[in-house]
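*Asks:* In the working numbering, the protein residues as written are -19 to 251.
Pasting a structure here, questions to come.
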Amino acid sequence: MSTESKVRVITTHVLSEMKFRGEKISMLTGYDYSMARILDAAGIDVILVGDSASNVMAGYESTLPITLDQMIYHATSVVRAVKRALVVVDMPFGTYQGNSKLALNCAIRIMKESGADALKLEGGREIIDSVQRILSAGIPVMGHLGLTPQSIHKFGTYVVRAKDEEEADKLVEDAHILQDAGCFALVLEKIPAKLGAKVARDLKIPVIGIGAGGGVDGQVLVVHDMLGITQEFSPRFLRRYHNLYAEMLGAFQSFIGDVKSGDFPNDREQY
Ligand code: KIV
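Spelled out as structure tokens, the structure:
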């Protein structure tokens, strides 16, 4: 394979051009090879190897337990599948908070071992040393503000963030701090639509929302939620495009029935 054919079509530069011409950016999470192949074939712009893998792949209640090695495993599987989309990987909890040297080491491990294109970190001014250090190594960084699930123990709940003026002002300042540091894009999670639109208007970099309204530059959802594989998670911002839980349940029940009855395998399904 030539070096040229390894360069993916969607780059951070392409995302910035999309914002400039008003073309919305599509982003979904992906954690494994098979799903990432379908996402890429569908033409998704960005695949986020989210630390939501901790919830939907590993069954934990929060994103905190997932490890660096586990994130690298998910990211490597996704990168192997993808030809077109930009692959962004979440830095897991504990790899960048309060220690920018550790942050750089972990960032380099993810980039080297997975072949991903960029990293995402949650937080604003309190993690800016880590953001700057990672950027100084030439690694593109996507910010994440609003509801930041790695801080769930600080917030105490997953309710809408930045509804009051003080928190909204801090969010706007943090968005500027991240842009000025050199982040190529920003995710805003679960904040009022008006605030999302204001940040997207203010910033030159693309702002991608999840529960941040329609005035931002793109949208992201967790793939298991939008496919209806997860059932219990039903926030207002989630649009379900399928009820894959029911479809899969039906398929599994049919298989079980066919095995029990001896219908599977039939004459044409054996050697
Ligand atoms: O981990 C994740 O899936 C995310 C999205 C919710 C943006 O960070």
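Ideal Cβ placement from N, Cα and C applies to all residues, glycine included.
1. Given Tyr40, which residues of its chain have a CB within under 6 Å of its CB, disregarding the five upstream and five downstream residues?
2. Is it the case that the CB of Leu28 approaches a heavy atom of the ligand KIV more closely than 8 Å?
3. Would you kindly report the start and end of the unbroken alpha helix (DSSP H) that includes Val237?
4. Using only alpha-carbon positions, find the residue among Glu147, Ile52, Leu218 that is nearest to Cys86.
5. Among Gly136, Ala161, Gly126, whose alpha-carbon lies nearest the alpha-carbon of Glu147?
6. How is the alpha helix (DSSP H) around Lys92 delimited, first residue to last?
7. How should Leu229 be labelled, buried or exposed, when 16 other C-beta atoms within 10 angstroms of its C-beta is the threshold for buried?
8. Could you give the C-beta distance for Val167 and Gly123, rounded to a whole number, given that I count them as a contact under 8 Å?
9. DSSP state of Lys174, grouped into three classes?
10. Roughly how many angstroms lie between the CA atoms of Glu112 and Thr75, to the nearest whole one?
11. Going by DSSP in three states, Met51 sits in which element: helix, strand or coil?
12. Quick check: the Cα distance between Asn223 and Glu212, rounded to an integer number of angstroms?
13. Tell me whether Asp70 counts as near the ligand KIV, meaning its Cβ is closer than 8 Å to at least one heavy atom of that ligand.
14. Between Val(-6) and Met7, what straight-line distance do the alpha-carbon atoms span, to the nearest angstrom?
15. Taking the runs of the alpha helix (DSSP H) that are 4 residues or longer, which of them lie wholly in the segment 97 to 158?
16. So, using beta-carbon positions, are His54 and Met71 closer together than 9 Å?
17. Would you call the segment 177 to 188 in contact with the segment 134 to 143, where contact means no fewer than 3 C-beta pairs closer than 8 Å?
18. My output table needs one value for Leu44: the three-state DSSP class, helix, strand or coil.
19. By the three-class DSSP mapping on this structure, what secondary structure does Ile5 have?
20. Does the distance from the C-beta atom of Ile119 to that of Ala65 stay below 9 Å?
21. For Thr47 and Asp97, what's the separation of their Cα atoms in angstroms?
22. Any heavy atom of the ligand KIV closer than 8 Å to the beta-carbon of Ile190?
23. Do you know how far the Cα of Val121 is from the Cα of Gln77?
*Replies:* So, from the listed chains and residues:
1. Excluding its 5 nearest sequence neighbours in each direction, Tyr40 has C-beta neighbours in its own chain below 6 Å: Ser34, listed in chain order.
2. Leu28 has its Cβ nearer than 8 Å to a heavy atom of the ligand KIV.
3. The sequence given here has Gly at residue 237, not Val. Per DSSP, Gly237 belongs to the alpha helix (DSSP H) from 224 to 241.
4. Of all alpha-carbon atoms in Glu147, Ile52, Leu218, the one lying nearest the alpha-carbon of Cys86 is that of Ile52.
5. Of the listed residues, the one whose Cα sits closest to Glu147 is Gly126.
6. Element bounds for Lys92: 80 to 94.
7. Residue environment for Leu229: exposed (fewer than 16 other C-beta atoms within 10 angstroms of its C-beta).
8. Yes, Val167 and Gly123 are in contact; Cβ-Cβ is about 7 Å, under 8 Å.
9. In the three-state reduction of the DSSP assignment, Lys174 falls in the helix class, which pools H, G and I.
10. It is worth fixing the name first, because residue 112 is Gln in this sequence and not Glu. Roughly 15 Å separates the two Cα atoms.
11. Here Met51 sits in helix by DSSP.
12. For Asn223 and Glu212, the distance between alpha carbons rounds to 12 Å.
13. Result yes, Cβ under 8 Å from the ligand KIV.
14. Each residue's Cα considered, the two are about 14 Å apart.
15. The qualifying runs are 108 to 116, 132 to 135.
16. It is not a contact, given that the beta carbons lie outside the stated cut-off.
17. No, the segment 177 to 188 is not in contact with the segment 134 to 143.
18. Coil, per DSSP.
19. The answer is strand: DSSP assigns Ile5 an E or B state.
20. The answer is no: Cβ separation not under 9 Å.
21. The alpha-carbon atoms of Thr47 and Asp97 are separated by roughly 19 Å.
22. The answer is yes for Ile190.
23. Straight-line Cα distance between these residues: approximately 15 Å.
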